[in-house]
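Note that the protein sequences, when read in sequence, are chains A and S.
Counting in the numbering used here, the first sequence runs from 1160 upward without gaps.
Counting in the numbering used here, the second sequence runs from 16 upward without gaps.
Ideal Cβ positions, reconstructed from N, Cα and C, are used throughout, including at glycine.
Predicted, not measured: the structure shown is a model, and the values here were computed from it.
Here is the structure we will look at, set down as structure tokens.
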Amino acid sequence: MADLPPNAPKDPIVTSSFSTPLMICSVLLMITVAWSLWDEMYGLRPWRAYQTRFAKAYATYLDKEVGRQKKLESDVYSAPEYKKLAAEADFLEAAAKAKDDAIAKQIAVLDSQRAAIGDAFKDARGKIGHLVYMLEIVPEKDKSEKESRLKDLNEAKAGTWKVDWPTADGSIEKDKKFTADQLNDTFTSLMAERAKLVAERGDNDAAGKVARAKANVYLSDHLPGLSAAALEGLRTSARDWDETLIQINVNPSGSSINNLGGAGLVDRCQSCHIGTDQKLVPPQLTLTKADLGMAKSNDAPFTSHPEPDLIKTHTLERFGCSPCHGGNGRAIDSVTRGHGRYEHWLWPLYYRENFDAGCQQCHAADMVTDHAEVLNHGRQLYRQRGCIGCHRYQGFDNQDEQLVSARQQITQLGSDKLQDELDIPRLQKLGDNAPDNEAANRYYAQANNLTVSVSRIDAQSAELERRSHTLLEEIKKVGPDLKDARLKLRKEWIPYWIGHTHEFRPTTKMPQFRLADDQVQAIAAFVWQSGITSPVLEHQPAGNATHGKELFEERGCLACHSMGEGANKMGGTFAANLSRVGEKENYDYIVRWVHNPRQRTRPYCPYEKRDLGPEDYAKHNLPYVFDLDHSKCPNDGHELAVQQPTVMPSLRLSIEDARDIASYLITQKHPDASYAAADYMDDPALKPKGEELVKHFGCAGCHEISGLEDEGRIGTELTNEGSKPIERLDFALYTEDAKRGVLPDGKPSIRNGHEVAWFDSKGFFEHKLENPGVYDQGKYHSNPMDALRMPKPNLYEPGDLEALVTFLLGSTDPTLPQEYMYKPQDRRRYVQEGWWVVTKYNCIGCHQIGIGQRSILMDLPMYQAENKQNLPPVLTTEGARVNPEWLKGFLANPSLSTTDTNRNGVRSYLQVRMPTFYLSDDEIRKLVLFFEAMSSQPEPYIQPKPPAITDTERAMARDLFTSPAAPCLKCHATGNAEHDKNAIAPNFLLAKDRLQTPWTTRWITDPAKIIPGTAMPSGLFKRDGDHWVFTGPVPTALQHYTGDQADLLVRYMFNLTPQEQAALVGRTPTSTKSSGNGGN
Amino acid sequence: MRIKWQAAIFTAALALTFAGCGGGEKPAPESSTAPASAPAGGGAAVDATTAGSVSGTVNLDSPAPTFKAINMSAEAFCSKAHTSAVMPEDVVTGDKGALANVVVYVKDDMSKYSFDTPKDPVALDQRGCMYSPHVVALMAGQTIEVKNDDQTTHNIHPTPKDNREWNQSQPPGAAPLDETFARGEVAIPVKCNVHPWMKGYIAVFKHPFFAVTTKDGKFELKGLPPGTYTIEAWQEKYGVVDQQVTIGPKDSKTVSFTFKAAGATGD
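So this is what it looks like as structure tokens:
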């Protein structure tokens, strides 16, 4: 180094070093490698940390559970009751053991003997069988051959088989000889003996088995859930938990199930939501956040599925998670991605308040879906608040569409028929003039064929007319018939109502339209001027308002209507709140309405497209009578609309009662109510403008309006609204705000406690429903009619908005295969169809139909505590209770009488009235099938043979029926007015036609099981061996009756005649021999 | 926990370079606070040495309203059981306006103390087609023994708001019915559906500080631990009235209640 010239350039090889940059690079590389490895293992796999946390917390929880369960087990095992049961079982088992062992030994010997002779026996049987056959096939005449073969057979029979025969003492008798017959006998006797021993063994240890079963029942009753051993097993798996990706290959063997449209669905949700893994957390454990000590954590997705019943029917293997909940089941690298809450994922996870939306995709045909209360409420709102008036929805009331289609078909068939009828004489003529017979016959045949076709067309038309009649009965409108506006309403009230809908009646179904004053005036003028003015209403004398109020509260009006405002409001929300009805309606009209709400002023002819008056009937010399039995148009013979399109039923009140109720209702008003005069409503110039507006805003979707009967729905169809891609939802000027999470009111958008964007379907629906004009804000419309038309729906109850949004979110174009859709073909289909009718007429306002469902009346103050007995009947077992044939008649006419109709047919003692709904035949059929299906009854119903009773039995039953132990007639009506004053139960005479015997027996022996809280007492009968006997002292005549007394009574009831019953009333109790300690 | 291969590679990779670059960022463990469930069994027994009592009378401010006699003609046995007219027991008064059948009780939550459920049953007799007594009070879990002394079948049908409902038939001569109520409730109406005039009430308490007045209108609540209480009086027709009372150790306080007959919102 020293030899280098002083100025020589430095040798870079020896003087400079890259070690520093290399070092830095190497460090960077190492850091990068380390980072990438870390990211690979943890950064991209956040589920690992979740699993570790879960495993630790779960193991701690199980520690506690194991301890608790062990203590419980030792307590139960050492409990005197269990010890006694176990000891008894031990004793009986021990007592039986010696004999059991002996028998087992005998059986073992028999089995070895049977095995030993088995081969020889089969061989002998085969050989003899063969020789017998050979003998039998020789013809009778061939004597020598026959004899020779007989000889062979006898030789074979005399021959012996050698068997190593095991004896009872365990030794083997070598080469014991058996002939064929001996083998056969031995084998048969061995089998017989074995059967005998097995039976003996069963008898021997029966008592022990029963005792052991009792002990085990005690254990299972007192040790619910998992055993300590099972819990310990789970704890071991939790402690040894190996972080691993958990994924479900949904429906691996089935067709493709996928929200991407490709190969199978893979859900990895459980990798973080590990508590839903049923291998790790069995269904018997319901794991909550609190169980894991994470009650307050916002980041602990570890609970087990909170609805185990749902998971039973929607198994994870078949359904996975994301088909119901939404989200991106494959993504596991972040919560946002896994939950699919980013702009271009089409199925973001539903928020908690909208969880039920996931049900709708497959349950779109349901009106009521179990476990989906929010969704059910949403559907109900959609139907009842009138969304359906403007927005078509597949499967929702579409009778109007069917009717239009039926009418078109009828018209088409009419023209076909006309054509055919012209062709027939033409063809006949051609035949007459044909050159040869063959051609003539061909023409005649064609003419004849056409005649038959015409008769077929006639049949088809008749059926379509019948269908139209049914549809006309079924079509209901959400709002009232405006043709009657002039007869019914106070003139000045109409414009006030249109402009201040929700102020006048805060719970109305009618939405609030955004209208300028001149628009309100024009609409009011149109409604007024297009109203019917004749025939005028009959003038009604005043009634008694006090009695009217009583009737209003007693007859059940409150099941649908509410009365009172604010905190004083009472009753159902199905129909209008009547607090201010006196301000708007005309007394004479209310009387007619209460008396029969279905009564129309004029029938409507859908073919002539006009309302008919007396003059139309007079032309044909017909009286002006139109009802369901007189529903043909006098002019053209087609079906008329003869009823108001309302669901309100007839309560079959007398006209006096109707007047009393109307007199009460007319007093319901604000004392200071006043309305400005509205003379402009008579201005004919306003009418065309009003008509244009009424059409523009789609009023005819909910109301029947003169001239607009055939107006269609004006809104967009919403069946698949939840699937609409985000770019087709017009956020207008709020697009950027929505993406930034700023609400229209400037506040931040908050969901689940987090500030998030609302640029999604949920955000769009929520703000649209809250304020339907919101997406117009900041826009200029040169023509005001271009503005958004949708009125503000009246979603006044908390939860209404969420329910409706949930329903819309769930209204998606199904991505699942058809077989996932809930379209049951068995009796569940009847349940599904029936709910549409049940909710259409609000049967649940009065009745409890589903288990756990509450009616409106049940919660009213006048039906509490002891007054519960005044409630309408509970119908949870109706299908098993009544004869469906009877039920059809009852639903058609609940008074069960053609003359005495101002009463209940079955429960004449109830003040609350089962109304007449004028159901169509189809609706009755659906309801009856619904009740039958709800009670698992077979369909079709086959009427059983009426239960018979002998005269002796009848005499005994009569004594029993009137004995002090059977107070039946104290409560059950008999038709005797004096007696029935205290009646609280139906007449026994109805039983025969109305009830089914198996249900009746179950009812009288344990009514509280069928209807908890019923006035019918339990404990009337007790079990004696295999039959029921009376609990109380039994009449002398029955002391030696060995039959079932409940059955006897039921048969007596089903054979009861009016004469017999009349004789019973007032009959003194027969002598009884006291069986208790009471004594006389 | 077993060693996992991922962790093994990771550790090995790190070992090549510097130690401990970027330790696993595990989420902070949950602050595991013990569940704040109340200790089972309520609490301590009342200290008898310091316990006080509240006694007094209940009155009605005006004469009792007149009622129509009960018509028992629907059941021959019942009408024969009485020689004179039977009056409904909605309002029963004694001398000087003393009001009977009033349940007086401590309204406050007493769950910080524990109480023994009395072993002796409370009797409810059906005699002459009337309930005797008309109003009974008992502790939750205490047995009520319902007897039928009549030669007719009764059914006992309590219609509670917060307890389990039952409805049991009891023919003449049947063994007494032993039942309990699990939850406090003032007061459960009881009726016999067979004899609709038969009405009574059962008041159920989670503590033993209750009494039912007799015809002298008197009551006494004994063994109360020192403290301030709301004492409430319940009458089936007149509803409730209450008063505050503070009891020191071994104190005996007197309170009296007066129900107003006018303007009562009967049931």
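- For SER99 (chain S), no CB of chain A lies under 7 Å from its own CB, so it is not counted at the interface with that chain.
- PRO187 (chain S) has a beta carbon lying within less than 7 Å of a beta carbon in chain A.
- Under the 10 Å beta carbon count, TYR1955 (chain A) is surrounded by fewer than 16 other beta carbons and is classified as exposed.
- Beta-carbon to beta-carbon, GLU1925 (chain A) and VAL1964 (chain A) are separated by about 6 Å, close enough to satisfy the 8 Å threshold.
- The residues LEU1631 and TYR1763, in chain order, have a CB closer than 6 Å to that of ALA1800 (chain A) in the same chain once the five nearest residues on each side in sequence are set aside.
- Where MET145 (chain S) is concerned, the enclosing beta strand (DSSP E) starts and stops at 145-147.
- For LYS2085 (chain A), the closest Cβ of chain S is not nearer than 7 Å.
- Between the segment 2041-2057 of chain A and the segment 2078-2092 of chain A, the count of Cβ pairs shorter than 8 Å is three or higher; the stretches touch.
- For THR158 (chain S), no Cβ of chain A is located within less than 7 Å of the residue's own Cβ.
- For chain S, the residues of the segment 2131-2156 of chain A that bring a beta carbon within less than 7 Å of one of its beta carbons are ASN2141 and ILE2143, in chain order.
- Contacts between LYS206 (chain S) and chain A, judged by CB atoms closer than 8 Å, involve GLU2025 in chain order.
- Classified as buried, VAL1996 (chain A) has 16 or more neighbouring CB atoms from the shown chains inside 10 Å of its CB.
- Contact between LEU2208 (chain A) and LEU2119 (chain A) is confirmed by a C-beta separation of about 6 Å, below the 8 Å threshold.
- With respect to the 7 Å criterion, PHE1923 (chain A) and ARG1538 (chain A) are not classified as neighbours on the basis of their beta carbons.
- DSSP places GLY2202 (chain A) outside both helix and strand once states are collapsed to three, so it counts as coil.
- Here SER68 (chain S) carries a strand assignment [DSSP, helix/strand/coil].
- Of all residues in the segment 2029-2063 of chain A, none places a beta-carbon less than 9 Å from a beta-carbon of chain S.
- Within the segment 1877-1915 of chain A, the complete alpha helix (DSSP H) segments of 4 residues or longer fall at 1894-1899, listed in chain order.
- Scanning chain S for C-beta atoms nearer than 7 Å to the C-beta of GLY2178 (chain A) yields GLN183 and SER184, reported in chain order.
- Where THR243 (chain S) is concerned, the enclosing beta strand (DSSP E) starts and stops at 242-250.
- Here TYR1501 (chain A) has THR1495 as same chain residues with Cβ atoms under 7 Å from its own Cβ, once five neighbours each way along the sequence are excluded.
- Distance from the CA of ASP1842 (chain A) to the CA of TRP1687 (chain A), rounded to the nearest whole angstrom, comes to 10 Å.
- By the rule that beta-carbons nearer than 7 Å mark a contact, VAL150 (chain S) does not touch chain A.
- Here VAL270 (chain S) carries a strand assignment [DSSP, helix/strand/coil].
- At least one beta carbon of chain S lies nearer than 7 Å to the beta carbon of THR2190 (chain A).
- For ILE1616 (chain A), no beta strand (DSSP E) encloses it; the enclosing alpha helix (DSSP H) starts and ends at 1596-1633.
- Chain order gives no chain A residues near GLU200 (chain S), where near means a beta carbon separation below 7 Å; the closest approach is about 11 Å.
- By the CB criterion at 7 Å, HIS1484 (chain A) and LEU1469 (chain A) fall outside the cutoff.
- SER1833 (chain A) and THR81 (chain S) have their alpha carbons spaced roughly 47 Å apart.
- Interface residue (Cβ-Cβ distance to chain A less than 7 Å): PRO211 (chain S) is classified as such.
- Three or more beta-carbon pairs separated by less than 8 Å are not found between the segment 1282-1294 of chain A and the segment 1241-1249 of chain A, which leaves the two stretches without contact.
- In the DSSP assignment, GLU160 (chain S) forms a beta bridge with S:ALA138 and S:ASP193.
- Burial check for LYS1743 (chain A): the Cβ neighbour count within 10 Å reaches 16 or more, so the residue is buried.
- According to the DSSP assignment, LYS214 (chain S) belongs to the beta strand (DSSP E) that extends over 214-220.
- The alpha helix (DSSP H) runs lying completely inside the segment 78-142 of chain S and spanning 4 residues or more are 91-96, given in chain order.
- For GLN1802 (chain A), the enclosing beta strand (DSSP E) begins and ends at 1800-1802.
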